[in-house]
Every structure is written in C-alpha cells, then in structure tokens.
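Participant: Numbering (our numbering), first residue to last: 1285 to 1608. Have a look at this one.
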Amino acid sequence: MTAPRTIDSSFTTTFEYDYAAAEPDLRRLYENAKRDQWNASRDIPWATAQTSDGRVLADELIDIYGSPLWEKLSEQDRVFLNRRIASWRLSVLMYGEQGAMLACSQMVDIVSGTDQKFFQATQVMDEARHNEVLDRYIAERLDGVTYPMPVNERDLFDSILSESRWYLKTIALQLVAETFAVSLFRMMAEASRDPVLGEVCRRVLGDEARHMGFGMLSLPDVLKNASEQERREMEDYTVFSLEKTLLGFFPLEAYQDLGLSPAQIDEVKAYRRQTAASNDYAPFRKYFKRDMHGSMVQNLARIGLLTERVRPRLERLGINLPQV
Ligand SMILES: [Fe+2]
Ligand SMILES: [Fe+2]
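Laid out in structure tokens, this is it:
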C-alpha cells in the first residue's frame, strides 16, 4: 500500500445566501446529475462470469499488437499482457478519479454562485463513485493488480490541487484530463471483452459528459473578462495540462512484469512511435486521435484557449490548431 500523499492548498471560500436558479443551463446540468445517479454496488453485473481465456480487452488495444515482438509471445503471455495493460490503464484512471473528487470538493468552496456549487457537489459524488467502481473492478476482475501513479499524472494533480483559482482547475480537470479519460473509457467500452468492463465504462461515460459541460458553460465568461495577462496564463496552463496528460502515458511496468528486457522495451516504444506516425491503423491511436481532435482540441479552441502563441508547443504534442 502506498502511503497517502499530502498537498498544501489554500483558497478562499464563498458562502452564498441566494439559492435561486440564476444560470438555467448549469441548473439543468445539476438536475440531470440528480436524475442520472447510479450505484456501483447495485447497477454493475458483478456476478457475470469472466471470459473463458481471461482477456478483458481486445488485443488490438495493446500497443505492440501485430509487431514482431507480439508474434513471438505465447498465448499465455498475450493474456498476461492483456490483463496487465488493462490494470495499468485502469490504475491511471482510478487515481484520476480520486484527484477529480478532491479538486471538485475544493471547487464547491471556491466557485461563486449556487448553481455552480450545486453542480460541483454532484461531481464530487460522481467521482467518488468512479473511484469506487474502478477499485472494485481491479480487485475483483484483475486480481487486485494496480500500478503506481505515473509522475506526470501526479504532477498534474499536485498542480490542480494546490491552485487557488477555480477556472484553472476547470481547464486542467474538466476540459483536458476528463476529455482524455473519456477517450480512454470510450475506447475500452467499444473494445472490451469482459462485459463487466464494458458496463463500467459506459456508466462512467454517462457522467463525464456533464463534467465537461461544466467547463464549456462556465469558462467563456471568464475568458471574455480576462486581462491580457490572465489570458496568457490560461493558455499556458492549458498547454501544461495537455503536456502532462499526453506525455508519459506508457505502461512501462506492465511490459517489465511480462519480463521484457530494456532492449525489448525500447523496441516496444519504437514500434509504438512508428505506428502512431505512419498510419491510423493502431486502434489506440485511431480512437484517441478521433476523440482528441473531435472534442478536446475543438472545445479548447472554441473557448479561445489554443492560440497562435502556443502553436509550437502544441505541435510538439502532435496537435494541429483547428479552424474555428
Ligand atoms: Fe470520473
Ligand atoms: Fe469526471
């Protein structure tokens, strides 16, 4: 067990006295959140039998699927890797749920406006449930195998949780990190072999759409009223969040557990880079690009957070500025 992590934070809490609905769109999100609550203990078919071969995902979602290295693996090793890659990705997502729960609980305090506070309160509950459901999935379906929180993910959440301004938390969490999580959940929902995993992902996805909705509804006003310096700070924080989210997302420990040598792991990385650059065949990349460009990048650009000034840093991440 890893010891709990402590992060210093300080922020100003706003106590509201007016509870009337002031922002109809946000109030609607809050109503939807109440309507769509679900229970991870009751609504997931936990008793469903596991797949006969032990796979939880389609092999196509493994980076090295189809590579010379893959062709040399025994059936037993392929199943092992399938389960470990799933453990690795679900561990990353699970820590993200914990981080999201903590960030939203801070935002309940920080944001002004009853509609904003009520909505954030629902997101705290949603993220607790996501944390719970992923932990239970790993415990019951993946032999309890978890992997440590990647350094970039930890850096991102340390930054989000020590930041005192809600709109920077929202940019990093509700727009960048959650859109990334959504593309992973969607990919796993579509390519799950274990029906329980498919159901977990679909349930989580239903909640995530609301969370991104909060960012899209609340940020445009902030940007409109921001000074030049504040705008730059928001742009830079967007790029920082993208870098922390997109880089370093490589399940190194899963490959190490399979027994691959450092040279073989270099081969995995090279194969991964090569398929990502050469075509859209690699399903991981294909889903990912579609979602990244279809939602995250478009949304960030629409709000005005991706500008010419940050273009070079975005291009290093493989992101091209869309026309809006
Ligand atoms: Fe979540
Ligand atoms: Fe979320």
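All residues carry an ideal CB built from backbone N, CA and C; glycine is no exception. Owing to the predicted nature of the structure, the values given are computational and were not obtained by experimental measurement.
Output the distance between the C-alpha atoms of Ser1371 and Ile1455, rounded to the nearest integer angstrom.
Facilitator: When the Cα atoms are used, Ser1371 and Ile1455 turn out to be separated by approximately 27 Å.
Participant: Please confirm if the segment 1480 to 1489 is in contact with the segment 1318 to 1336, defined as three or more CB-CB distances below 8 Å between the two stretches.
Facilitator: The segment 1318 to 1336 and the segment 1480 to 1489 touch, with three or more beta-carbon pairs separated by less than 8 Å.
Participant: Please state whether DSSP places Ser1502 in a helix, a strand or coil.
Facilitator: Ser1502 falls in the helix class under three-state DSSP.
Participant: Return the CA-CA distance between Ala1405 and Ser1389, expressed in angstroms with no decimal places.
Facilitator: Ala1405 and Ser1389 have their alpha carbons spaced roughly 7 Å apart.
Participant: Could you give the C-beta distance for Leu1507 and Gly1588, rounded to a whole number, given that I count them as a contact under 8 Å?
Facilitator: Contact check for Leu1507 and Gly1588: beta-carbon distance about 5 Å, within the 8 Å limit, so the pair qualifies.
Participant: Just list the residues that DSSP pairs Ser1476 with in beta bridges.
Facilitator: Leu1341
Participant: When you compare only the Cα positions, how much space is there between Met1270 and Val1484?
Facilitator: Residue 1270 lies beyond the range of the chain shown here (1285 to 1608); nothing can be said about it.
Participant: Once the 5 residues before and after His1414 are set aside, which same chain residues still bring their CB inside 6 Å of it?
Facilitator: Glu1381, Val1488
Participant: Quick one: using the 10 Å Cβ neighbour count with 16 as the cut-off for buried, is Phe1498 buried or exposed?
Facilitator: With 16 or more Cβ atoms within 10 Å of its Cβ, Phe1498 is classed as buried.
Participant: If we require 4 or more residues per run, which alpha helix (DSSP H) segments fall completely within the segment 1391 to 1473?
Facilitator: 1398 to 1425, 1435 to 1446, 1450 to 1454
Participant: Hey, how far is the Cα of Glu1437 from the Cα of Gln1407?
Facilitator: The straight-line gap from Cα to Cα measures roughly 20 Å.
Participant: What are the start and end residues of the alpha helix (DSSP H) that includes Pro1596?
Facilitator: 1595 to 1600
Participant: Identify whether Met1352 lies in helix, strand or coil by the three-state DSSP scheme.
Facilitator: Per the sequence presented here, residue 1352 reads as Pro, with Met not at that position. Reduced to three states, the DSSP call for Pro1352 is helix.
Participant: Let me confirm a value: Glu1462 is counted as buried when at least 16 other C-beta atoms fall within 10 Å, else exposed. Which label applies?
Facilitator: buried
Participant: Alpha carbon to alpha carbon, how far is Phe1533 from Ala1423?
Facilitator: Each residue's Cα considered, the two are about 22 Å apart.
Participant: Please return the same chain residues whose Cβ sits closer than 8 Å to the Cβ of Asp1361, not counting the five positions on each side in sequence.
Facilitator: Leu1542
Participant: Is the segment 1330 to 1342 in contact with the segment 1514 to 1531, if contact means three or more CB pairs nearer than 8 Å?
Facilitator: Taking 8 Å as the limit for Cβ pairs, the verdict is that the segment 1514 to 1531 does not touch the segment 1330 to 1342.
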